[in-house]
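Residue numbers (our numbering): 690 to 1014.
Below is one structure; the comments refer to it alone.
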């Protein structure tokens, strides 16, 4: 007797479509319509490990049993699923790195207070050579958090790097930017642009998650207190708003202070989700920034995920007109 079909829960479907980059796990053909298939062909078994994203052709093949079929049995489907999900995860994280974009891309804001704690909770280590060197120089403590020497600095904005010699400030920045890369590669942040809708974000994102977002952000100036300024940063579209504060003490260089992170700028952001709430019919994601990057170019962002950012839609239309696929 056939098993009764049970509707796949929304959060499970969202997770599967994200993990597969909305792409068939077998043929991986881009831009084909996809559906969720029950690996054991039991439509009532909605365990996530029993589900796979397939295009229409491969879905039909999975239900076909003849000599010329691909023989997409449960074992093969699970293997295809595992390989493709892992590949999507790796490609997505690699694309988020400055090295995955153009040479001008770099992290020019790194949260020196939060990054060490995220690393410690995830058992990620700083570069051992640089950490030992900077610890001996009393630049950082054993956790990797910078130590502030007593030093008068006659500047409107004072950053962490102003407290140290040029060579040690460069070492500190190198230590932290590579730590951010390691966090991305080990923790695989959620590309929020792949799920930019209220429903999908609520299905997939929770407080404590790491998310990556690359889009135009508004930076609002605030009062400067003792050389530091908490800039309010936000971006809002399609009923979703991301917001956070970025303190100027963590910014690297005058370009970051007075150009890259002021006004309205296109930036890459690595964010720790604090809270999800509703405000004026908008889904608001309050975050703590771990890193902000400037010089990232959207056309060089090689994520496997189809994105819902406005710039991505425009870019895809342009490429389609030029037949670049």
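Where is the CB? At the ideal position from N, CA and C, for every residue including glycine.
These numbers were taken from a predicted model, which means no experiment stands behind them.
Residue j and residue i - do their beta-carbons sit closer together than 8 Å?
| i | j | result |
| --- | --- | --- |
| residue 732 | residue 770 | no |
| residue 899 | residue 819 | no |
| residue 978 | residue 958 | yes |
| residue 980 | residue 790 | no |
| residue 729 | residue 739 | yes |
| residue 816 | residue 867 | yes |
| residue 857 | residue 881 | no |
| residue 797 | residue 947 | no |
| residue 836 | residue 830 | yes |
| residue 889 | residue 703 | yes |
| residue 787 | residue 834 | no |
| residue 883 | residue 996 | yes |
| residue 994 | residue 782 | no |
| residue 766 | residue 741 | yes |
| residue 879 | residue 869 | no |
| residue 887 | residue 952 | no |
| residue 925 | residue 963 | no |
| residue 965 | residue 896 | yes |
| residue 700 | residue 892 | yes |
| residue 773 | residue 860 | no |
| residue 761 | residue 768 | no |
Based on DSSP bridge pairs, tell me the residues matched to residue i.
| i | result |
| --- | --- |
| residue 984 | The partner list for residue 984 (beta bridge, DSSP) is empty, contrary to what the question assumes. |
| residue 860 | DSSP output for residue 860 lists no bridge partner at all. |
| residue 960 | 900 and 978 |
| residue 966 | 973 |
| residue 835 | 829 |
| residue 799 | 980 |
Can you give the beta carbon distance from residue i to residue j, rounded, assuming they're within the 8 Å contact cut?
| i | j | result |
| --- | --- | --- |
| residue 795 | residue 982 | 6 Å |
| residue 976 | residue 933 | 4 Å |
| residue 985 | residue 954 | Rounded, the Cβ-Cβ distance is 11 Å, inconsistent with contact. |
| residue 921 | residue 906 | Not a contact, Cβ separation roughly 10 Å. |
| residue 697 | residue 725 | 6 Å |
| residue 885 | residue 990 | Between residue 990 and residue 885 the Cβ distance is about 15 Å, and since that is not below 8 Å, they are no contact. |
message: Please give the ranges of any beta strand (DSSP E) in the region 703–775, keeping only runs that are unbroken, at least 3 residues long and fully inside the region.
response: 723–727 and 740–744
message: Which complete beta strand (DSSP E) runs does the region 875–955 hold, if anything under 3 residues is left out?
response: 899–909, 917–926 and 929–936
- prompt: Does the region 844–857 come close enough to the region 873–881 to have 3 or more Cβ pairs within less than 8 Å?
  reply: no
- prompt: Does the region 838–845 touch the region 909–923, meaning 3 or more C-beta pairs lie closer than 8 Å?
  reply: yes
- prompt: Would the region 739–754 and the region 700–714 be scored as touching if the rule is three or more Cβ pairs under 8 Å?
  reply: yes
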